[in-house]
């Protein structure tokens, strides 16, 4: 499947129409609460030239500076793979690139880890282990998504606090 086919897949369209309005609304509120951070929605095909055949979208927060040991970006992401056959789905809150982040402070790191929400359908070791995108699993994701969003917002708030204390 090419990128356009992945983007127009019925499952991708269903998930985007279900979750992007909530993400967009929260991005606006969070942007007003934390004007030094940037919030934006993203979406992209993933692995169109590989067996993965996936698509991902989410809400990303780019902090004004690196969070110690974590980097400058945090995202809440919904990903699907194997759209050319039996689709699988995953959702999580995760940190972006931390290559240039200052060293981790053990106390701050533990506090951040404590605030990170568990992934939707935990226990996956690879995308092949993600749950099948059945109607039941999609309903579970829809009911679990507010928990993931709250976790994302909690980590954003704590990270902003950490960053502001670094500057003082």
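In the working numbering, the protein residues as written are 98 to 265.
Note that CB positions come from ideal geometry on N, CA and C, so glycine has one too.
What you are looking at is a predicted structure, and each value in this text was computed from that prediction instead of being measured.
Residue i versus residue j - alpha carbon distance
i: residue 126; j: residue 137; result: 12 Å
i: residue 252; j: residue 193; result: 13 Å
i: residue 223; j: residue 100; result: 22 Å
i: residue 140; j: residue 121; result: 12 Å
i: residue 116; j: residue 211; result: 25 Å
i: residue 135; j: residue 254; result: 13 Å
i: residue 130; j: residue 232; result: 35 Å
i: residue 118; j: residue 244; result: 16 Å
i: residue 114; j: residue 146; result: 26 Å
i: residue 263; j: residue 257; result: 10 Å
6 Å Cβ shell around residue i - same chain, five flanking residues per side excluded
i: residue 249; result: 173, 190
i: residue 218; result: 228
i: residue 133; result: 161
i: residue 156; result: 120, 124, 138, 173
Residues near residue i by beta carbon distance below 7 Å, same chain, minus five either side
i: residue 108; result: 177, 180, 184, 230
i: residue 144; result: 150, 151
i: residue 350; result: Lying outside 98 to 265, the shown extent of the chain, residue 350 is not represented and no answer is given.
i: residue 128; result: 136
Per DSSP, cross-strand counterpart(s) of residue i
i: residue 140; result: 154
i: residue 185; result: 178, 229
i: residue 191; result: 172
i: residue 135; result: 159
Residue i in three-state terms, based on DSSP
i: residue 161; result: strand
i: residue 127; result: helix
i: residue 216; result: coil
Cβ-based neighbour list, residue i, same chain, cut-off 8 Å, excluding 5 preceding and 5 following
i: residue 237; result: 217, 218
Would you be able to state if there are at least three C-beta pairs under 8 Å between the stretch 200–213 and the stretch 164–173? The stretch 164–173 is in contact with the stretch 200–213.
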